[in-house]
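*Asks:* Sequences listed follow chains A and B, in order.
Residues 0 to 436, numbered by numbering that gives the first Met the number 0, are exactly what the first sequence covers, in order.
Residues 0 to 207, numbered by numbering that gives the first Met the number 0, are exactly what the second sequence covers, in order.
We put the beta carbon where it would ideally sit given N, CA and C, even for glycine.
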Amino acid sequence: MSEAVNTETINTALGALERALDRRLIAALEVCARCGICADSCHVYASDPKPAHVPAARAEQVRAVYRRHHDPLGRLFPWLVGAKDLTEVDLDALTETAFASCTLCRRCTINCPFGVDTALIMRAARSMLTAAGKAPEMLVMLADAAIARGENADEFREIYREIVAGLERDAQERLGDPTLRIPLDQEGADILYVGLSGAHTILPAAIIFHEAKASWTLSMFEASNYGLFLGDPTKAKAIARRIVDEALRLGVKEVVLTECGHAYTALRWEAPNWFGGEFPFKIRSIVEVLADYVREGRLDLDPSANTEPVTYHDSCNLARNGGLVDAPRIVLRAAVQNFVEMNPHGKENFCCGGGGGLVAVPEWFETRMRAGRRKAEQIRAAAAPVVATSCENCNLQLTDLNGYYDLGVKVMGLMELVVNALLAAKQRQALPLEEAA
Amino acid sequence: MTTSWAAILLGALALSVWGLGGHLRKTLARPWRPEQARQAGSPGRGVVYAFTWGMAPWAKESTRVHLLAYLRGIVFHVGIAAGFIGLALTLWSPSIPSAVRWIIACGAFVGALAGWGGLIARLMEHNLRAVSTPDDLLSVALVSAFLSAAAAAWWQPHWNAVHLALGAATLVAIPLTKIRHCFYFFFSRYFFGLFYGRRGVIGGVQHE
Numbered sequence: 000m001s002e003a004v005n006t007e008t009i010n011t012a013l014g015a016l017e018r019a020l021d022r023r024l025i026a027a028l029e030v031c032a033r034c035g036i037c038a039d040s041c042h043v044y045a046s047d048p049k050p051a052h053v054p055a056a057r058a059e060q061v062r063a064v065y066r067r068h069h070d071p072l073g074r075l076f077p078w079l080v081g082a083k084d085l086t087e088v089d090l091d092a093l094t095e096t097a098f099a100s101c102t103l104c105r106r107c108t109i110n111c112p113f114g115v116d117t118a119l120i121m122r123a124a125r126s127m128l129t130a131a132g133k134a135p136e137m138l139v140m141l142a143d144a145a146i147a148r149g150e151n152a153d154e155f156r157e158i159y160r161e162i163v164a165g166l167e168r169d170a171q172e173r174l175g176d177p178t179l180r181i182p183l184d185q186e187g188a189d190i191l192y193v194g195l196s197g198a199h200t201i202l203p204a205a206i207i208f209h210e211a212k213a214s215w216t217l218s219m220f221e222a223s224n225y226g227l228f229l230g231d232p233t234k235a236k237a238i239a240r241r242i243v244d245e246a247l248r249l250g251v252k253e254v255v256l257t258e259c260g261h262a263y264t265a266l267r268w269e270a271p272n273w274f275g276g277e278f279p280f281k282i283r284s285i286v287e288v289l290a291d292y293v294r295e296g297r298l299d300l301d302p303s304a305n306t307e308p309v310t311y312h313d314s315c316n317l318a319r320n321g322g323l324v325d326a327p328r329i330v331l332r333a334a335v336q337n338f339v340e341m342n343p344h345g346k347e348n349f350c351c352g353g354g355g356g357l358v359a360v361p362e363w364f365e366t367r368m369r370a371g372r373r374k375a376e377q378i379r380a381a382a383a384p385v386v387a388t389s390c391e392n393c394n395l396q397l398t399d400l401n402g403y404y405d406l407g408v409k410v411m412g413l414m415e416l417v418v419n420a421l422l423a424a425k426q427r428q429a430l431p432l433e434e435a436a
Numbered sequence: 000m001t002t003s004w005a006a007i008l009l010g011a012l013a014l015s016v017w018g019l020g021g022h023l024r025k026t027l028a029r030p031w032r033p034e035q036a037r038q039a040g041s042p043g044r045g046v047v048y049a050f051t052w053g054m055a056p057w058a059k060e061s062t063r064v065h066l067l068a069y070l071r072g073i074v075f076h077v078g079i080a081a082g083f084i085g086l087a088l089t090l091w092s093p094s095i096p097s098a099v100r101w102i103i104a105c106g107a108f109v110g111a112l113a114g115w116g117g118l119i120a121r122l123m124e125h126n127l128r129a130v131s132t133p134d135d136l137l138s139v140a141l142v143s144a145f146l147s148a149a150a151a152a153w154w155q156p157h158w159n160a161v162h163l164a165l166g167a168a169t170l171v172a173i174p175l176t177k178i179r180h181c182f183y184f185f186f187s188r189y190f191f192g193l194f195y196g197r198r199g200v201i202g203g204v205q206h207e
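1. Output yes if chain A places a C-beta closer than 7 Å to the C-beta of residue 199(B); else output no.
2. May I ask you to verify whether the region 323-331 of chain A touches the region 2-18 of chain B, counting CB pairs closer than 8 Å and requiring at least 3?
3. Use the C-beta contact count for residue 154(A): other C-beta atoms within 10 angstroms, 16 or more gives buried, fewer gives exposed.
4. On the CB-based measure, 16 or more other CB atoms within 10 Å of its CB, does residue 242(A) come out buried or exposed?
5. Against residue 129(B), what residues of chain A qualify as contacts under a CB-to-CB distance less than 7 Å, listed in chain order?
6. Which complete alpha helix (DSSP H) runs does the region 47-82 of chain B hold, if anything under 4 residues is left out?
7. Restricting to runs no shorter than 3 residues, where is the beta strand (DSSP E) found entirely within the region 309-339 of chain A?
8. So what's residue 283(A) in DSSP terms, helix, strand or just coil?
9. Less than 7 Å between the beta carbons of residue 55(A) and residue 74(A), yes or no?
10. Pick helix, strand or coil for residue 201(B), following the three-state DSSP scheme.
11. Return the residue from the list 79(A), 78(A), 83(A) and 59(A) that minimises the CA-CA distance to residue 68(A).
12. Pick out whichever of 163(A), 192(A), 113(A) and 356(A) has its Cα sitting closest to the Cα of residue 249(A).
13. Taking DSSP's pairing of strands, which residues face residue 387(A) in a bridge?
14. For the region 32-46 of chain A, list every residue whose C-beta sits within 8 Å of some C-beta in chain B, in sequence order.
15. Mind listing the chain A neighbours of residue 187(B)? Cutoff is C-beta to C-beta under 7 Å, in chain order.
16. Across which residues does DSSP place residue 255(A) in a beta bridge pair?
17. Would you call the region 205-216 of chain A and the region 412-430 of chain A in contact, with 3 or more CB pairs under 8 Å?
18. Apart from the five residues on each side of it in sequence, which residues of its chain come closer than 7 Å, Cβ to Cβ, to residue 336(A)?
19. Would you say residue 21(A) faces chain B, with C-beta separation under 7 Å as the test?
20. With residue 215(A) as the anchor, note down where its beta strand (DSSP E) starts and where it stops.
21. Can you tell me the Cβ-Cβ gap for residue 379(A) and residue 406(A), rounded? I've got them flagged as a contact below 8 Å.
22. Three or more beta-carbon pairs under 8 Å between the region 229-246 of chain A and the region 263-271 of chain A, yes or no?
23. Could you please tell me which residues of the region 297-321 of chain A, in chain order, have their CB closer than 9 Å to any CB of chain B?
24. Kindly indicate which three-state DSSP category residue 416(A) falls into: helix, strand or coil?
25. State the DSSP-derived secondary structure class of residue 104(A), mapped to helix, strand or coil.
26. Measuring straight from C-alpha to C-alpha, what distance separates residue 141(A) and residue 151(A)?
27. Give a yes or no on whether 7 Å exceeds the smallest Cβ distance from residue 65(B) to chain A.
28. Please determine if the region 107-117 of chain A and the region 84-96 of chain A are in contact, where contact requires at least 3 C-beta pairs separated by less than 8 Å.
29. Comparing the C-beta of residue 154(B) with each C-beta of chain A, is any distance below 7 Å?
30. Report the residue ranges of all alpha helix (DSSP H) runs contained in full by the region 22-50 of chain A; include only those spanning at least 4 residues, in chain order.
31. When the cut-off is 7 Å and only beta carbons count, does residue 132(B) lie next to chain A?
32. So residue 138(B) and residue 172(B) are supposed to be a Cβ contact under 8 Å. How far apart are they, rounded?
33. Please confirm if the region 286-297 of chain A is in contact with the region 312-328 of chain A, defined as three or more CB-CB distances below 8 Å between the two stretches.
34. Let me know the secondary structure DSSP gives residue 298(A) once reduced to three states.
35. Going by the CB atoms, is the gap between residue 153(B) and residue 100(B) shorter than 7 Å?
36. Answer with buried or exposed for residue 202(B), where buried requires no fewer than 16 other C-beta atoms within 10 angstroms of its C-beta.
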């Protein structure tokens, strides 16, 4: 009986691998020459340099199975090409590798002479594991909860409306402007803003949109998409569908996502693949919108509100995999007095170690703290007391690293810094002319 | 070169082409799932970048840090090109100018040195040893032996039989072993350029 269960689990995993095998994945599996040059590019290897942490070694766990089924020598002489039959023990090892040891940051990809997309291989591995019931329970639970919320949106609507009314009062108080509104279900608004669970992603956005005189409405749903972490396109699509349907229903011109790296990847880059084409609205990160507001002079910012040196941690999803390198810097240069770059930064920035869903799984705290050692060193070297970032997962990880490595920094979101600068500018305006000068 | 060697070489080439054709068929039989999202940069410029400046040693941190390993790889592959050009020219060897003979011999020689160096590194360095399969070791050894024989044969013709035999073996091994990465290289870099070009990460295109 147990053997039958094992066989079924393994066949399910193999079936998921077969479905994932497209031309890109075949190329990624076939091309690696195992030169090992990717090793230092991985933050996990850089923090804990052992062979198992070399990206090529991680991908070998999937390649070995692929070769057993798709390589003539792998079928005849598996030992010769490192091919092997998949076992349940392999699946357990792969769970640790694909979910806990790789954050899908693609730093190895841009550093590989062949451009091997190890993240694509790890996502295929996550698909196999999710299909076989080996994915971390917490991620599955969070994905299912998000889908359930979408299916029962009407039940939450009134409660949410009350919560938002409370947030609106808080925002009015903070800005000192009773005309500030947090619109919900506003048909015909230009922007549908999608936050995360928690006021910290809604309050600053409300202040910024109000000050920029933007036409906006708040989404009923949160931007995060745990289906993406699971490598489960069905769940990922169901989670994304909530926002897509809402945007279509309200007839907005664009969906603006809060400071969240993986949400940006999910909705901006992946969702059109799940839905089979482009949407009739644009999808942007709040970071891009802020950069536009700064360029267009729609926000009056006083950088003296943020006097301490600020460094910026690029989220892998936004920068390396989304191209948003200049936008946050445009915002920071306008909102803070002293911006210092981390080295390396931009598309070469090191992952903080919290991506790929690691932050959501409590039992991986130690794993992600160890993996974040390289990032902690980078922060120390930057010698800036404030670390800004535009990703919720990065923010949580950096905050934990701050305590774990005793970095003595303050981790802040980009929107927080902008709101500080906005409020300072408003205070300056309120002062008598000579005092403001 | 005798007719029988020519037949062996052409047979090996035919097997190689047939095997790579099989890989092409296998790859093209799989779905092509292009990104559907609105592009932020230029996929075309990304692909051009991926095959040009993106291959430069300064374009990647990994090659900046491991410049020697990168150069060893480049020299090895230049040597392989020289070895195969030499193998093709063997059919006309009596009429080849001595300068060309020396260029090929030298190219194959330094390529062989880089190949054997790479093999030693693969055996000595713990990460490389850990990720290597027997195929990795045998493939590098085979190609390095072919280049060594090519260098010797272009210098002293009595090595020619060894050169031709190893050349034929290498040709046959291409689609069967890890040497086929030379074929998938073009796919992988193309997809890399497309992916990052579209997203406005590479190719010098401003993000929208």
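*Replies:* Result, derived from the coordinates:
1. Numbered from 1 along the second sequence, position 200 holds the residue referred to as residue 199(B). Residue 199(B) counts as touching chain A.
2. no
3. The sequence position of residue 154(A) within the first sequence is 155, counting from 1. So residue 154(A) counts as exposed.
4. Taking the first residue of the first sequence as position 1, residue 242(A) is located at position 243. That one is buried.
5. For this step, residue 129(B) is matched to residue 130 along the second sequence. By Cβ distance, chain A contributes 50 and 56.
6. Taking only runs of at least 4 residues, the alpha helix (DSSP H) segments lying wholly in the region 47-82 of chain B are 60-64.
7. 309-312
8. Taking the first residue of the first sequence as position 1, residue 283(A) is located at position 284. Three-state result, residue 283(A): strand.
9. As a first step, residue 55(A) must be located in the first sequence, where it is residue number 56. As a first step, residue 74(A) must be located in the first sequence, where it is residue number 75. Going by C-beta atoms, residue 55(A) is not nearer than 7 Å to residue 74(A).
10. Walking along the second sequence from the start, residue 201(B) turns up at place 202. Looking at residue 201(B) - three-state DSSP - the assignment turns out to be coil, as it is neither helix nor strand.
11. Sequence index remark: in the first sequence, residue 68(A) carries index 69 (1-based). If we check each option's Cα against that of residue 68(A), 83(A) comes out closest.
12. The sequence position of residue 249(A) within the first sequence is 250, counting from 1. The candidate whose alpha carbon is nearest that of residue 249(A) is 192(A).
13. For this step, residue 387(A) is matched to residue 388 along the first sequence. DSSP lists 311(A) and 411(A) as partners of residue 387(A).
14. Taking 8 Å as the Cβ-Cβ cut-off against chain B, the residues of the region 32-46 of chain A that qualify are 32, 33, 34, 35, 36, 37, 38, 39 and 40.
15. Here residue 187(B) is taken as the residue at index 188 of the second sequence, counted from 1. Ordered by position in chain A, the residues that pass the 7 Å Cβ test against residue 187(B) are 26, 27, 30, 113, 114 and 115.
16. Your numbering for residue 255(A) matches position 256 in the first sequence. Per DSSP, 192(A) and 283(A).
17. yes
18. One-based indexing of the first sequence puts residue 336(A) at position 337. So the list reads 302, 303, 305 and 306, once near-sequence residues are dropped.
19. Sequence index remark: in the first sequence, residue 21(A) carries index 22 (1-based). So, interface residue.
20. Within the first sequence, residue 215(A) is the residue found at index 216, counting from 1. Per DSSP, residue 215(A) belongs to the beta strand (DSSP E) from 215-217.
21. Position 380 of the first sequence, counted from the start, is the residue given in the question as residue 379(A). Position 407 of the first sequence, counted from the start, is the residue given in the question as residue 406(A). Residue 379(A) to residue 406(A), Cβ: 6 Å. Contact.
22. yes
23. Correct list: 318, 319, 320 and 321.
24. Position 417 of the first sequence, counting from 1, holds the residue named residue 416(A). The answer is helix: DSSP assigns residue 416(A) an H, G or I state.
25. Numbered from 1 along the first sequence, position 105 holds the residue referred to as residue 104(A). When DSSP states are grouped into helix, strand and coil, residue 104(A) belongs to the coil group.
26. Along the first sequence, one-based indexing puts residue 141(A) at 142. Along the first sequence, one-based indexing puts residue 151(A) at 152. Roughly 15 Å between the two C-alpha positions.
27. The residue you call residue 65(B) lines up with position 66 of the second sequence. It does: the Cβ of residue 65(B) has a partner Cβ on chain A nearer than 7 Å.
28. In short, these stretches do not touch, since the Cβ pair count stays below three.
29. Numbered from its first residue, the second sequence carries residue 154(B) at position 155. With 7 Å as the cut-off, residue 154(B) does not count as an interface residue toward chain A.
30. Runs found: 22-30 and 42-46.
31. Walking along the second sequence from the start, residue 132(B) turns up at place 133. Yes, residue 132(B) counts as interfacial toward chain A.
32. By one-based count along the second sequence, residue 138(B) stands at place 139. By one-based count along the second sequence, residue 172(B) stands at place 173. 7 Å between Cβ atoms; contact.
33. Output reads yes: the region 312-328 of chain A touches the region 286-297 of chain A.
34. Taking the first sequence and counting its residues from 1, one reaches residue 298(A) at position 299. Residue 298(A) falls in the coil class under three-state DSSP.
35. Walking along the second sequence from the start, residue 100(B) turns up at place 101. Walking along the second sequence from the start, residue 153(B) turns up at place 154. In this structure, residue 153(B) lies closer than 7 Å to residue 100(B) by Cβ.
36. Counting from one through the second sequence, the residue named residue 202(B) turns up at place 203. The residue in question, residue 202(B), is buried, as its Cβ has 16 or more Cβ neighbours within 10 Å.
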